[in-house]
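Here the working numbering is used: the first residue of the sequence shown is 312, the next is one more, and so on.
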Amino acid sequence: MKQLLLIGAGGHCKACIDVIEQIGEWQIAGIIDRKDSGVTDVLGYPVIGCDDDLAQLKKQYDYAFVTVGQIRSADLKIKLFNQLNMLGFKQPGLVSPLAYVSKHAKIGEGTIIMHHAMVNASAKVGDNCIINSKALIEHDAVVENHCHVSTGATINGGVIVGEQSFIGSHATTKQFISLLPRSFIKAGTVAI
Numbered sequence: 312m313k314q315l316l317l318i319g320a321g322g323h324c325k326a327c328i329d330v331i332e333q334i335g336e337w338q339i340a341g342i343i344d345r346k347d348s349g350v351t352d353v354l355g356y357p358v359i360g361c362d363d364d365l366a367q368l369k370k371q372y373d374y375a376f377v378t379v380g381q382i383r384s385a386d387l388k389i390k391l392f393n394q395l396n397m398l399g400f401k402q403p404g405l406v407s408p409l410a411y412v413s414k415h416a417k418i419g420e421g422t423i424i425m426h427h428a429m430v431n432a433s434a435k436v437g438d439n440c441i442i443n444s445k446a447l448i449e450h451d452a453v454v455e456n457h458c459h460v461s462t463g464a465t466i467n468g469g470v471i472v473g474e475q476s477f478i479g480s481h482a483t484t485k486q487f488i489s490l491l492p493r494s495f496i497k498a499g500t501v502a503i
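See the structure below:
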């Protein structure tokens, strides 16, 4: 199995670990977190260093994945994603075996498709995105880079979700609309 470093030891890391374990193709080599976090392990996987150690760790590991969540801002996820790219890490797209991704859809680097999410035909999901549990990305929709589509949210057909946007849990978009970059759609709302 290929070794994978996880970057970020918070709550979203736990959800990512669950998906990675279900995939069964990756061995989690360890977790990287802030120096001062005080976290020593997440679900039994050790914290083996901090951001400052990534250059040294690149000599041993080829793959890394950002496991930091995103609500108000994507800035930290973007910083970490770019840092991994600059160091030469490969950032896989991860798809839960409990999710459905059409063979006609495209998923970017460093993106995770969580349990029971659906990404339908001709949909495109950019780099460094979170498509959370039970979210639906309908046909011909585009989710640009660094977005988080939360649990149970629905992105209807032909919608464009601008970069760095956050779509709250159970929010729904009207079909064929465009959301500006850095849009923040509250949980349970309808975006028209």
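Just so it is clear, CB atoms sit at the ideal spot from N, CA and C, and this is done for glycine as well. Every value quoted in this text rests on a predicted model; they were computed, and no experiment measured them.
Start-to-end residues for the alpha helix (DSSP H) that takes in residue i
i           : result
residue 358 : Run containing residue 358: none in the alpha helix (DSSP H); it sits in the beta strand (DSSP E), 356-360.
residue 503 : Element bounds for residue 503: n/a, residue is neither H nor E.
residue 397 : 386-398
residue 366 : 365-368
Start and end residues, beta strand (DSSP E) containing residue i
i           : result
residue 301 : There is no way to answer for residue 301, as the model of the chain reaches only from 312 to 503.
residue 376 : 374-377
residue 338 : 337-343
Residue i: CB within 7 Å of a non-hydrogen atom of the ligand ATP
i           : result
residue 341 : As for the ligand ATP, it is missing from this structure, which has no ligand bound.
For residue i, the three-state DSSP class (helix, strand or coil)
i           : result
residue 325 : helix
residue 488 : coil
residue 330 : helix
residue 350 : coil
residue 450 : coil
residue 459 : strand
residue 422 : coil
residue 412 : strand
residue 406 : strand
residue 472 : strand
residue 382 : coil
residue 417 : strand
residue 401 : strand
residue 435 : strand
Reference residue i, options the options, closest by Cα
i           : options               : result
residue 403 : 413, 385 and 424      : 424
residue 490 : 381, 498 and 478      : 478
residue 341 : 415, 368 and 420      : 368
residue 377 : 384, 370, 361 and 316 : 316
residue 463 : 455, 361 and 480      : 480
residue 416 : 453, 343, 394 and 386 : 453
residue 322 : 428, 353, 498 and 313 : 353
residue 382 : 371, 488, 475 and 414 : 475
residue 391 : 414, 370, 364 and 413 : 364
residue 411 : 432, 400 and 398      : 432
residue 492 : 498, 339, 499 and 472 : 472
residue 486 : 495, 499 and 448      : 448
residue 313 : 357, 372 and 386      : 372
residue 450 : 414, 496 and 498      : 414
Close Cβ partners of residue i (< 8 Å) along its chain, the five nearest in sequence each way excluded
i           : result
residue 333 : 407, 408, 409 and 426
residue 422 : 404, 405, 436, 437, 438, 439, 440, 441 and 442
residue 396 : 402
residue 444 : 326, 425, 426, 427, 428, 462 and 463
residue 351 : 357 and 358
residue 497 : 479 and 482
residue 374 : 313, 314, 315, 316, 337, 400, 401, 402 and 403
Cβ-based neighbour list, residue i, same chain, cut-off 6 Å, excluding 5 preceding and 5 following
i           : result
residue 484 : 466, 467, 470 and 502
residue 319 : 378 and 379
residue 488 : 470
Close beta carbons around residue i, own chain, < 7 Å, minus the five adjacent residues each side
i           : result
residue 324 : 317, 342, 353 and 378
residue 360 : 343 and 368
Any C-beta of chain C under 8 Å from that of residue i
i           : result
residue 449 : The question asks about chain C, but that chain is absent: this structure has only one protein chain.
**Item:** Cβ contact (3+ pairs, closer than 8 Å) linking the segment 450-470 and the segment 330-350
**Value:** At 8 Å Cβ cutoff, the stretches do not touch.
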